[in-house]
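Using my numbering, the letters of the sequence shown map in sequence onto residues 51 to 311. In what follows, a structure is listed as structure tokens, so that the remarks can point back to it.
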Amino acid sequence: MKGASAAEAIPAVVRLEDLQKTYGGQKGVAVRALRGIDLEIAAGDFVAIMGSSGSGKSTLMNILGCLDRPTAGRYWLDGTDAANLSREERADVRNRKIGFVFQNFHLLPRTSALENVEMPMLYHPQKVRAREIDQRARDALGRVGLGDRLDHSPNQLSGGQQQRVAIARALVNEPRILLADEPTGNLDSRTTLDIMELFQELNKEGLTVLLVTHEPELCRFCKRVVWMRDGRIYRDEAVSDRVTVAAARASGDLFNEGEGP
Ligand SMILES: Nc1ncnc2c1ncn2[C@@H]1O[C@H](COP(=O)(O)OP(=O)(O)OP(=O)(O)O)[C@@H](O)[C@H]1O
Ligand SMILES: [Mg+2]
Numbered sequence: 051m052k053g054a055s056a057a058e059a060i061p062a063v064v065r066l067e068d069l070q071k072t073y074g075g076q077k078g079v080a081v082r083a084l085r086g087i088d089l090e091i092a093a094g095d096f097v098a099i100m101g102s103s104g105s106g107k108s109t110l111m112n113i114l115g116c117l118d119r120p121t122a123g124r125y126w127l128d129g130t131d132a133a134n135l136s137r138e139e140r141a142d143v144r145n146r147k148i149g150f151v152f153q154n155f156h157l158l159p160r161t162s163a164l165e166n167v168e169m170p171m172l173y174h175p176q177k178v179r180a181r182e183i184d185q186r187a188r189d190a191l192g193r194v195g196l197g198d199r200l201d202h203s204p205n206q207l208s209g210g211q212q213q214r215v216a217i218a219r220a221l222v223n224e225p226r227i228l229l230a231d232e233p234t235g236n237l238d239s240r241t242t243l244d245i246m247e248l249f250q251e252l253n254k255e256g257l258t259v260l261l262v263t264h265e266p267e268l269c270r271f272c273k274r275v276v277w278m279r280d281g282r283i284y285r286d287e288a289v290s291d292r293v294t295v296a297a298a299r300a301s302g303d304l305f306n307e308g309e310g311p
């Protein structure tokens with residue numbers, strides 16, 4: 051690793067150098083979605099990514115989550131080169147090291163919460179035994195407060211509950227980082243805060259969280275905010291007025307809770 055030293059003995063969970071992504075280009079018009087991203091995220095951080103539509107947030111998340119690969123630049127995940135992996139290698143890294151949460155939950159319909167959460171373990175390279183799969187899925191659902199909804203399918207759950215199932219599924223293989231791309235975009239304000247509170251709890255337990263959001267009110271619940279524009283990071287700051295959702299609720303200091311965002 052370039053510039054490695056004793057201080058870097060514990061590698062950052064994510065490290066990007068001059069990361070670039072260009073879509074299309076051979077026949078159509080090339081879109082330079084990422085134009086040189088440098089970013090380092092330490093274990094235990096809780097980062098919000100803000101930026102207007104089209105600024106490259108999802109493109110960045112998809113590369114970080116090994117769903118897509120960069121056109122140029124370097125990406126180390128957990129100290130390992132993750133920029134130039136094959137499709138199979140990316141699937142493996144995704145399964146072992148990444149938890150991904152989407153705006154639209156991406157749950158399997160007509161499938162119970164328990165089975166949805168068991169899914170990633172069925173693809174885990176180290177075969178997990180059936181009893182352990184079941185237990186770990188139950189534990190994960192308990193952790194997100196859904197221990198009493200194991201048999202419910204997505205259409206029998208509220209939006210917030212569906213997102214909790216998706217978070218449990220993202221956690222079940224104990225990822226190095228949780229990537230959440232507008233996870234509260236389809237939720238009302240109250241449920242949004244519930245989900246933010248859950249992220250804060252998970253982060254407190256040591257989980258590294260990276261959250262894309264359009265809602266500036268959510269930044270103060272995070273530890274750090276990164277702003278993007280035109281495929282570049284133009285601001286990257288620690289949150290100075292950080293609060294817990296619980297404290298904000300107790301003081302009544304909240305945006306229109308109960309209203310849609
Ligand atoms: N698969 C693709 N093929 C071609 N261009 C794409 C593709 N995905 C995204 N883009 C383009 O790349 C740019 C960045 O898109 P991206 O989805 O990363 O933005 P975003 O910041 O997530 O926006 P939003 O806030 O609307 O979700 C946009 O100009 C978009 O049109
Ligand atoms: Mg997006």
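No residue lacks a Cβ here, since even glycine has one placed at the ideal position from N, Cα and C.
Nonlocal neighbours in the same chain, by C-beta distance under 7 Å from residue i, ignoring five residues either side
i, result
"V194", "R214, I217, A218 and L248"
"V143", "C116, L127, A132 and L135"
"A296", "E247"
"F150", "G115, A220 and L229"
"E232", "Q153, V262, T263 and H264"
"H174", "N145 and N223"
"I91", "A62, V63, V64, V97, T258 and L260"
Separation of residue j from residue i, as counted between CA atoms
i, j, result
"T294", "Q250", "7 Å"
"R282", "Q185", "43 Å"
"V259", "G75", "33 Å"
"D201", "E67", "44 Å"
"M171", "G197", "19 Å"
"E139", "S301", "48 Å"
"I87", "S108", "13 Å"
"L84", "L110", "7 Å"
"N236", "T161", "21 Å"
"E255", "A93", "11 Å"
"Y284", "W277", "6 Å"
"D303", "S102", "26 Å"
"N166", "P61", "32 Å"
"R137", "A180", "27 Å"
"K52", "D189", "Here K52 scores only 48 on pLDDT, less than 50, and its place in the model should not be relied on; the value that follows carries that caveat. Their backbone Cα atoms lie some 40 Å apart in a straight line."
"R199", "K77", "50 Å"
"R10", "D118", "Since the first residue shown for the chain is 51 and the last is 311, residue 10 is missing from the structure and cannot be characterised."
Residues near residue i by beta carbon distance below 8 Å, same chain, minus five either side
i, result
"Q212", "F155, L157 and P204"
"R274", "D95, F96, V97, A98, D286, E287, A288 and V289"
"C312", "Nothing can be reported for residue 312: it is not among the residues displayed for the chain, which extend from 51 to 311."
"L177", "Just to set this straight, residue 177 is Lys in the shown sequence, not Leu. So no residue of the chain qualifies."
"R292", "R270, F271, C272 and K273"
"P159", "S203, P204 and N205"
CA nearest to the CA of residue i, picked from the options
i, options, result
"S208", "L84, A163 and L114", "A163"
"L257", "D231, I60 and A220", "A220"
"G123", "L89, K107 and S290", "L89"
"D238", "Q153, R119, A190 and L191", "Q153"
"R65", "R181, T130, S103 and D118", "T130"
"N145", "I91, Y125, K77 and E224", "E224"
"F271", "A180, E165, N253 and R179", "N253"
Heavy atom of ligand 1 within 7 Å of residue i beta-carbon
i, result
"Y125", "no"
"K107", "yes"
"Y73", "yes"
"A83", "yes"
"G101", "yes"
"G115", "no"
"G256", "no"
"G14", "With the chain running from 51 to 311 in the structure shown, residue 14 is simply not present."
Inter-residue CB distance, residue i and residue j (contact presumed, cutoff 8 Å)
i, j, result
"T72", "V81", "7 Å"
"E168", "A187", "5 Å"
"D286", "S105", "Contact doesn't hold; Cβ gap of about 14 Å is too wide."
"I99", "V262", "5 Å"
"I245", "G210", "7 Å"
"Y125", "L69", "6 Å"
Chain-order list of residues whose beta-carbon lies under 6 Å from that of residue i (same chain, five-residue window excluded)
i, result
"R226", "V63, D128 and K147"
"I113", "P120"
"A298", "L304"
C-beta neighbour in chain C for residue i, strict 8 Å
i, result
"L157", "Here chain C cannot be found, since the structure has a single protein chain."
Any non-hydrogen atom of ligand 3 closer than 7 Å to residue i Cβ
i, result
"G86", "The ligand content of the structure shown is limited to ligand 1 and ligand 2, which means ligand 3 is not among them."
Residue i beta carbon near ligand 2 (any heavy atom closer than 7 Å)
i, result
"D231", "yes"
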